Amino acid sequence: MEWHTPTPRIRIARADWLDAARTLDPGSVRLLYADPPFNTGARRSDRAGAFEDAWPTTAAYIQWLGERLAATLPALAPAANVLIHCDWRASHRVRLLLDDLLGEDRFVNHLIWSYGLGGSSPRRFARKHDDILFYSLDPGDCYFDPPMVPATSNRMKGRMKKATDVIDIPSINNMAAERTGWPTQKPLALLDLLVRACCPPDGVVFDPCCGSGTTLVAAARAGRAGIGVDMSPEAVELASSRAASAQPEGGVTPVETP
Ligand SMILES: C[S@@+](CC[C@H](N)C(=O)[O-])C[C@H]1O[C@@H](n2cnc3c(N)ncnc32)[C@H](O)[C@@H]1O
Numbered sequence: 004m005e006w007h008t009p010t011p012r013i014r015i016a017r018a019d020w021l022d023a024a025r026t027l028d029p030g031s032v033r034l035l036y037a038d039p040p041f042n043t044g045a046r047r048s049d050r051a052g053a054f055e056d057a058w059p060t061t062a063a064y065i066q067w068l069g070e071r072l073a074a075t076l077p078a079l080a081p082a083a084n085v086l087i088h089c090d091w092r093a094s095h096r097v098r099l100l101l102d103d104l105l106g107e108d109r110f111v112n113h114l115i116w117s118y119g120l121g122g123s124s125p126r127r128f129a130r131k132h133d134d135i136l137f138y139s140l141d142p143g144d145c146y147f148d149p150p151m152v153p154a155t156s157n158r159m160k161g162r163m164k165k166a167t168d169v170i171d172i173p174s175i176n177n178m179a180a181e182r183t184g185w186p187t188q189k190p191l192a193l194l195d196l197l198v199r200a201c202c203p204p205d206g207v208v209f210d211p212c213c214g215s216g217t218t219l220v221a222a223a224r225a226g227r228a229g230i231g232v233d234m235s236p237e238a239v240e241l242a243s244s245r246a247a248s249a250q251p252e253g254g255v256t257p258v259e260t261p
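Going by this note's numbering, the first residue of the sequence shown is number 4, and it counts up by one from there.
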């Protein structure tokens, strides 16, 4: 496996998550954030690339995901945090999978990323959120720095408050400067919030389906070390180039990747 090092603290490789996970140092990862294909049943494509997103059954998809999560467990630090991004199609099954693999007592939050944009339906409530399942290997000792968001109540107007488990951040629109053209690219604001909240400043973030590299850019900006992997060579090139130009923001102490 060939690693690209766009910065001293970020490394990225083209690989299957399964193979890459087995090469990581035991106990080295403080935050696993995975945004895998959701099993939408379609090939996802945009101007920067494409990936397959179809399994014959939900059970086959869960088995694929389970093998990769299980292979990643030895790389997790004793109090590591785990964030698995999914949606209405499989979030119920992914939660059961995580209960089985990690233990239901390690569940911390079911985060709702409410993104707003997109169409509506005359037949049902419009589907406007993704699910991010948050587990910690040691909920009593896990790192958590509560994100602060603007308060909306009249009493708190103009002040900040701790974020709830519903995160309101718009998805990336067609005209957004951060848009890379990678299908299902997540907004940097979302990953900035998750990385800072769930990975300590001296910690390593691992994103095994890194796509355009949003998590690695967020890690670089927050001074965290990052490891990214993707099956697609176009994704690896894009993620490396984005990470190389990401600027650390003030007040953080950089650490090297292990
Ligand atoms: C939902 S996208 C990730 C998008 C990313 N979070 C971003 O902001 O750009 C899922 C990614 O998983 C990758 N992928 C699919 N199967 C994989 C596998 N077995 N190992 C590693 N990456 C895989 C795809 O190439 C795709 O880039």
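Backbone N, C-alpha and C fix where the C-beta goes; we use that ideal spot for every residue, glycine too. These numbers come from a predicted model, not from an experiment.
Pairing PRO153 with ALA62, the inter-Cα distance amounts to about 41 Å. In this structure, PHE41 has its beta carbon less than 8 Å from a heavy atom of ligand 1. In the DSSP secondary-structure assignment, MET163 is bridged to PRO153. Pairing SER174 with VAL208, the inter-Cα distance amounts to about 22 Å. When the beta-carbon positions are compared, ALA73 and LEU101 stay at least 9 Å from each other. Excluding five sequence positions before and after ALA129, the CB atoms of its chain that fall closer than 8 Å to its own CB belong to GLY121, GLY122 and SER123, given in chain order. Per the C-alpha coordinates, the member of TRP185, THR60 and GLY229 positioned closest to ARG12 is GLY229. Spatial neighbours of ALA24 in its own chain (CB-CB distance under 7 Å, excluding positions within 5 residues in sequence) are listed in chain order as ARG71, ALA74, THR75, ALA78 and PRO211.
Of all residues, those with a beta-carbon under 5 Å from at least one heavy atom of ligand 1 are ASP19, TRP20, ASP38, PHE54, TRP185, THR187, GLN188, LYS189, CYS212, GLY214, SER215, THR217, ASP233, MET234, SER235 and ALA238, reported in chain order. Per the coordinates, the alpha-carbon of TYR64 lies some 21 Å from the alpha-carbon of PHE110. Per DSSP, ALA78 lies in no beta strand (DSSP E) and is assigned neither H nor E. When the Cα atoms are used, THR167 and THR218 turn out to be separated by approximately 21 Å.
Leaving aside the five residues that flank THR183 on each side, the residues in its chain whose CB is nearer than 8 Å to its CB run, in chain order, ALA51, SER215, LEU241 and ARG245.
For the pair of segments examined, the segment 84-99 was found to touch the segment 25-40: the number of CB pairs separated by less than 8 Å reaches three. Across the set GLN66, PRO9 and GLY231, the C-alpha of GLY231 shows the shortest separation from the C-alpha of THR26. Partner residues in the beta bridge of LEU114, as assigned by DSSP, are ILE135.
The beta carbon of PRO236 is closer than 6 Å to those of ARG17 in its chain, skipping five residues each way along the sequence. In the DSSP assignment, ARG17 falls within the unbroken beta strand (DSSP E) covering 13-17.
Closest in C-alpha terms to GLU107, from the list LEU136, ARG92 and PRO81, comes LEU136.
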